[in-house]
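Take the sequence shown: its position 48, counting from 1, is numbered 48 in this note's numbering, and each next residue is one higher. This report refers to the structure that appears directly beneath it.
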Amino acid sequence: MVSSSGRQLSVEQLRRRRSSSYVDALRKLDTGGPVSATGIDAIRDAVAAEFPDGPASWPLGWVSKCYLGAPYEVHIVDISGHIIRHFKRGEAMPGGMERARSLAASGRYAAIEVFSDRLVAIADDGTTSVSMG
């Protein structure tokens, strides 16, 4: 598995259960309004705790179901660029995020981590499911 910087991550690392604080931080993104700099920092801190090898091991971004209502379907998070963006049904997502759309839109997962060559679906309880993406 290759991270955003090309660093190799093992399948065991990807399959590791995610902490409740990490899952909670990702869930706070769908608040219906802009996320403050403090909110982004909290998410960044949760990601840093979850991926202690540093930003080189972080996903390219995250895709989650959007609960803002029609016409929005999913949103993406790219904390390296402090980007949180909501996407309407059928609106194309950038940077390889599109491949996670159907998993995220299903609502079965808290979030989908998008790596260069894999998707990691994170359940509400932190369990993971790794797939080629």
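Ideal placement from N, C-alpha and C gives every residue a C-beta, glycine not left out. Since the model is a prediction, treat every value here as computed from it, not as a measurement.
Could you give the distance in angstroms between the alpha-carbon of Ala56 and the alpha-carbon of Val47?
-> Rounded to whole angstroms, Ala56 to Val47 spans 12 angstroms at the Cα level.
Bridge partners - Lys65, DSSP secondary structure assignment = As computed with DSSP, Lys65 is found in a beta bridge with Val74.
Taking Cβ positions only, does Ser102 come closer than 9 angstroms to chain D?
-> Among the protein chains of the structure shown there is no chain D, as only one such chain exists.
Opposing strand residues paired with Glu113 [DSSP bridges] | The partner list for Glu113 (beta bridge, DSSP) reads Trp62, Val120.
Own chain partners of Arg101 with C-beta closer than 7 angstroms, once the 5 adjacent residues on each side are dropped | Excluding residues up to 5 positions away in sequence, Val63, Val74, Met93 lie with their Cβ nearer than 7 angstroms to the Cβ of Arg101 in the same chain.
Just confirm the distance between the C-beta atoms of Leu60 and Val114, as a whole number of angstroms; I'd bet it's less than 8 angstroms.
-> Taking 8 angstroms as the upper bound for CB-CB distance, Leu60 and Val114 are in contact here, some 5 angstroms apart.
Rounded distance between the beta-carbons of Ala110 and Ala123, thought under 8 angstroms = Rounded to the nearest angstrom, the Cβ distance from Ala123 to Ala110 is 7 angstroms, consistent with a contact under 8 angstroms.
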